Structures are given as C-alpha cells and as structure tokens.
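If you count by the numbering used here, then the sequence shown holds residues 2 to 154, one letter each, in order.
By construction, the Cβ of each residue, glycine as well, lies at the ideal position given by its N, Cα and C atoms.
Quick caveat, the model's predicted, so the values are computed rather than measured.
Below is one structure; the comments refer to it alone.
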Amino acid sequence: HYSTGKEVGYVIGLKGGVAPTMAKDDSWLVTRAPFLKNTLWVCRDVEGEKGSERVYPSGRYVPQTRTTPKDSVGNWVKGAQSTDGEDILVYFNIGTTHIPRPEDWPVMPAENLSVTLKPVSFFKANPAMDVPGTQDPLSKPAYSTQNGNSCHC
Numbered sequence: 002h003y004s005t006g007k008e009v010g011y012v013i014g015l016k017g018g019v020a021p022t023m024a025k026d027d028s029w030l031v032t033r034a035p036f037l038k039n040t041l042w043v044c045r046d047v048e049g050e051k052g053s054e055r056v057y058p059s060g061r062y063v064p065q066t067r068t069t070p071k072d073s074v075g076n077w078v079k080g081a082q083s084t085d086g087e088d089i090l091v092y093f094n095i096g097t098t099h100i101p102r103p104e105d106w107p108v109m110p111a112e113n114l115s116v117t118l119k120p121v122s123f124f125k126a127n128p129a130m131d132v133p134g135t136q137d138p139l140s141k142p143a144y145s146t147q148n149g150n151s152c153h154c
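Next comes the structure, spelled out in structure tokens:
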C-alpha cells in the first residue's frame with residue numbers, strides 16, 4: 002500500500018461453524034481425511050501439470066479410502082515451496098456441531114454459515130465514496146438570505 006507499506010491481500014471472515022476436529026492425529030478418521038487437521042490450507046496452484054488437478058482437497062474417494070489419499074491437500078502443502086508471487090489455492094473447513102434441541106425433532110432447521118472476502122490495502126480510500134470533497138468553491142447555500150454567508154439548518 003502506498004502509505005502503510007503493507008502488502009495487498011484479503012481478510013477471510015467465517016461466521017458460523019468453525020470448529021477443529023476432535024479426532025486424534027493417528028485416528029482412522031484423520032488418516033482417511035487429513036484435511037481435517039487444519040481449518041485453513043494454502044498451497045501453490047500447479048495448473049497444467051499432468052495428473053495434478055487439485056480439485057479435490059480431500060482426495061477423490063474419501064468414503065472408500067482406508068489410508069491417506071496421495072492426491073490431497075495434506076500432500077500438496079508438504080515441502081518448502083514458497084507461495085510468494087505464485088497463484089495460490091485456498092481451502093478452508095467450515096461445519097457445524099449439532100447439539101440437539103426439542104425444536105429439532107423431527108426435522109432440523111437450517112444452520113447458517115457465511116464466508117466473506119474483504120480486500121485490504123488495494124485502494125487509497127474507499128472507492129464507494131465518490132462524493133465531492135468538503136472544499137467545493139462552486140457550492141452555495143440554497144436558502145441563504147445573507148449573501149451566502151449563513152445557513153439555517
């Protein structure tokens with residue numbers, strides 16, 4: 002940014018169910034679905050590399066696997082590859098923990114989750130604020146009776 006010197010980027014806002022898994026790292030659940038270890042994953046995009054689509058961060062067939070999927074986000078982030086100046090992929094886990102209540106029987110009502118991406122340090126000022134500045138010599142009070150020197154607001 003021109004005045005702060007900070008990099009441009011985004012803030013990811015998650016509202017709703019963001020809870021880490023309670024399963025241990027050596028459990029069968031985490032072995033089959035290593036993406037559960039973290040809420041947020043960032044890795045380099047390798048678009049065009051044969052056999053590396055990076056479309057399924059959990060692997061193609063999570064319910065049918067018994068081991069860690071070879072083509073999953075857990076393996077994509079291994080190594081010391083920098084993401085600086087690269088195209089990146091961002092994956093995050095959101096979900097809810099349902100604590101039953103009497104109102105949930107026989108049908109559970111909706112649970113709200115939301116995600117926002119807010120730009121940070123992209124602009125000098127708010128681009129939505131396109132109103133004239135406070136020092137506008139062409140503006141005059143519309144209903145003044147004293148040569149434009151007084152306003153009865």
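- Here DSSP, grouped into helix, strand and coil, assigns Lys38 to helix.
- Counting along the chain, Gly14 sits inside the beta strand (DSSP E) bounded by residues Gly10 to Lys16.
- DSSP places Thr117 outside any alpha helix (DSSP H); the residue lies instead in the beta strand (DSSP E), whose first and last residues are Ser115 to Val121.
- Counting the other Cβ atoms within 10 Å of the Cβ of Leu30 gives fewer than 16, which makes it exposed.
- Check the Cα spacing between Lys7 and each of Pro64, Pro120 and Ser140: the tightest is with Pro120.
- Contact between Val43 and Ile89 holds: their C-beta atoms lie close to 6 Å from each other, under 8 Å.
- The criterion of a C-beta distance shorter than 9 Å is not satisfied by Pro58 and Thr40.
- With distances taken between CA atoms, Glu54 lies nearest to Ser73 out of Ser73, Arg67, Phe123 and Gly80.
- Bounds of any beta strand (DSSP E) do not take in Val132, whose DSSP letter is neither H nor E.
- For Val74, the enclosing alpha helix (DSSP H) stretches over residues Val74 to Trp77.
- For Val91, the uninterrupted beta strand (DSSP E) run begins and ends at Ile89 to Phe93, by DSSP.
- Assignment of Val63 by DSSP, reduced to helix, strand and coil, places it in the helix class.
- With a beta-carbon spacing of about 6 Å, Gly17 and Ser115 fall inside the 8 Å limit used to define contacts.
- One alpha carbon belongs to Lys125, the other to Pro64, and they sit about 48 Å apart.
- When C-alpha distances from Gly75 are compared across Ala111, Ala34, Val56 and Gly49, the shortest belongs to Ala34.
- Cα atoms of Arg102 and Leu15: separation of roughly 24 Å, rounded to the nearest angstrom.
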